[in-house]
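20 is the number of the first residue of the sequence shown in this note's numbering; add one for each residue after it. Even for Gly, the Cβ is constructed at its ideal location relative to N, Cα and C. Notes for the one structure printed next.
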Amino acid sequence: MDKRYKTKNRVYAVIMIGVLAILVYMVSRKNDGGMWFNDQKQIAVLPLEGEINSSRQWISTLNKFAENKRVAGILIPINSPGGQVAPSQEIYHAIRRVRDTGDKPIFVSMASVAASGGYYAALGADSIFANAGTLTGSIGVIMQFPIYSDLMEKIGVGMRTVKSQAFKDAGSPFREMNPAEKAYFQELIDDVYAQFTEVVSKERGLDEINMLSLANGRVFTGRQAQKSGLIDVVGTFEDARQVLCGVAGLPANSPLLYPTEPRRSWWTILKDDVSSALPGWESSSSLQLQYRIPY
């Protein structure tokens, strides 16, 4: 009796292990962004939206799509006014790396706005689509400094600063900026601006004369940008999708693969709500180099 009981338990254990293995496999396939037991090739869609203040999670998802054998091409809808310099540069380099080292075509489709850092990121793609009314361009760098000195004087509050060297408190909101500090920050801006224009010139094949007229901070409509050589095609997201399917060797109605939505903790939800109400509240410094339209 004991022997038969043990045998029956072993059978149940084997069945349970088998079921668990199947469930783990199905979940892993689902988390990989695909449908269970579906090996049909797909176009992956990875939106880039809002201000660009970080890049790590976005690039991680891009790399997963690039390594996914079921992904035949990647389409990036951009709806962003730009943002901080370093994350914009990192996203551009990540897109370019997929373009240059992988076997998957990667397209950008611009929505309402893809300006400054949003445009910078788009430069890494094989082809850039924009709607006729998209706002893009805004090639430039901005750094803004609040000044509280007049307000503090009115309410009788001052700030005493002890510093190691002359530029340690450059940009302080508690006093006016002196000429040496203005020159110092202008030098920073000029260097980061040169980095932007060098990438635009290289990726879009624009000479120095064209760059002078295009890289002065102006925004352009999609139609203007196409005439100036800043983008490739005036077209919708669906236009970009169909062309990408053709380049990737897929039917025009091939399914789209979107990233899975990450679970948000209560702290993330609270932080996002406060950020939307008080922009910049979580910033540790007002000194931010930004590829961003100033409104």
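Sub-8 Å separation of residue i and residue j beta-carbons
i    : j    : result
A63  : N98  : no
T155 : A134 : yes
K123 : L269 : no
A113 : V127 : no
L67  : I95  : yes
I71  : I110 : yes
G236 : S168 : no
Y212 : A189 : no
Q309 : G102 : yes
Y139 : V218 : yes
Residue i versus the options, residue with shortest Cα-Cα distance
i    : options                : result
Y191 : S220, L142, G236, Q163 : The amino acid occupying residue 191 in the given sequence is Ser; Tyr does not appear at that position. Considering only alpha carbons, the answer is Q163.
T216 : M178, K187, G159, R260 : G159
E280 : Q309, S157, W77, A185  : W77
P165 : M196, K221, G143, F186 : M196
Q184 : N229, E200, K83        : E200
K246 : G143, F148, K83, G177  : F148
V266 : A91, L65, G69          : A91
R311 : I208, I250, I161       : I161
Rounded straight-line distance, which links the Cα of residue j to that of residue i
i    : j    : result
I93  : R194 : 49 Å
N50  : P278 : Because N50 carries a pLDDT of 47, less than 50, the predicted location of this residue cannot be relied on, and no value is offered for it.
Q108 : V262 : 27 Å
S73  : L81  : 14 Å
T180 : P100 : 36 Å
M85  : R115 : Note that residue 85 corresponds to Ala in the displayed sequence, not to Met. Spanning the two alpha carbons is a distance of roughly 12 Å.
N272 : D58  : 16 Å
L276 : S79  : 16 Å
V117 : D145 : 10 Å
R223 : V104 : 20 Å
N150 : G254 : 5 Å
M171 : G143 : 46 Å
Q214 : A234 : 12 Å
E206 : K187 : 16 Å
G69  : G175 : 39 Å
I250 : D258 : 14 Å
P198 : D209 : 16 Å
L65  : P106 : 16 Å
L225 : C264 : 29 Å
Cβ shell of residue i (< 6 Å), same chain only, five flanking positions each side left out
i    : result
I34  : none
M178 : F193
P274 : Q61
R16  : The chain is shown from 20 up to 314; residue 16 falls before or after that span and cannot be answered.
S232 : none
K83  : none
V238 : A134, L154, G156, S157
K173 : none
Contacting residues, own chain, Cβ-Cβ under 8 Å from residue i (five flanking each side not counted)
i    : result
T153 : M129, A130, S131, V132, A133, T240, G241, A244
G53  : With a pLDDT of only 46 at G53, under 50, the local geometry of the prediction cannot be trusted, and no value is derived from it.
E227 : S220
N229 : S247, G248
K182 : D188
Contact set for residue i: own chain, Cβ-Cβ below 7 Å, skip 5 residues either direction
i    : result
F256 : P96, S128
R260 : I62, L94
| task | Could you name each continuous beta strand (DSSP E) segment of 3 residues or more that falls completely within the segment 210–242, going from the start of the chain to the end? | result | At a cut-off of 3 residues, the continuous stretches assigned as beta strand (DSSP E) that sit fully inside the segment 210–242 are 238–240.
| Taking only runs of the beta strand (DSSP E) that begin and end inside the segment 137–184, which ones reach a length of at least 3 residues, in chain order? | Taking only runs of at least 3 residues, the beta strand (DSSP E) segments lying wholly in the segment 137–184 are 146–149, 154–156.
| query | Quick one: complete beta strand (DSSP E) runs, 3+ long, within the segment 90–134? | reply | Qualifying beta strand (DSSP E) stretches, in chain order: 90–99, 101–103, 125–134.
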